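Numbering-wise (this note's numbering), the sequence shown opens with residue 5 and increments by one.
Notes for the one structure printed next.
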Amino acid sequence: MKDDETNPRDEYWLRVKGKGGKRGEVSLPPLAWSALSQYLLARGCRSRWQLDTSLIGNLGEEVAGAISSVRLWAVLSRFFLQTATTVADDNPPLANKLRRTRTRWMRQTHTTFALAHGAELTTVRDNLRHASISMTSIYLHGDAVKRARQIAKAFTES
């Protein structure tokens, strides 16, 4: 992730570089922007994101520039394992899930959540930067239930 940008409508965007070095912009919801701002302030940074501010602070390995997918995976994996250790005594099932968590699951959960809460398929596709709408549509888990209810309602006896 590189930097933030707001437009006149107070929408937040992240400029990202994805697979194959493909660059794009991703819409950042206000709740995520607020959390990011609080995190930056807690690190002693200005809430207005500066280009030279790393998204993830120093975690013992000084890395300059944009965060790589490998680095993000390492940071999140360490977080999941530390959290699993913390909750293990109080909640063993949660600890086991956290030990098995993969970073891709976060992306998949984001996608499923956005679609289940009314985001349009094309909007989610564009934010994920999928090349094909068919790739994004595999996350329409509730679609079959909705379809069955609508057909049942359409063909009820009057």
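Just so you know, even glycine gets a beta-carbon here, dropped at the ideal spot from N, CA and C.
Computed from a predicted structure; not experimentally measured.
Item: Endpoints, beta strand (DSSP E) assigned at residue 18; Value: 16-21
Item: Per DSSP, the bridge partner or partners of residue 29; Value: 19
Item: C-beta atoms of residue 115 and residue 140 nearer than 9 angstroms; Value: yes
Item: The stretch 142-158 in contact with the stretch 113-130 per 3-pair CB rule at 8 angstroms; Value: yes
Item: Closest by C-alpha distance to residue 109, when choosing among 84, 148, 97 and 22; Value: 84
Item: DSSP-derived helix/strand/coil call for residue 75; Value: helix
Item: C-beta contact flag for residue 120 and residue 103 at 9 angstroms; Value: no
Item: Short Cβ contact (9 angstroms threshold) for residue 41 with residue 131; Value: no
Item: Pairwise C-alpha distance: residue 71 and residue 39; Value: 19 angstroms
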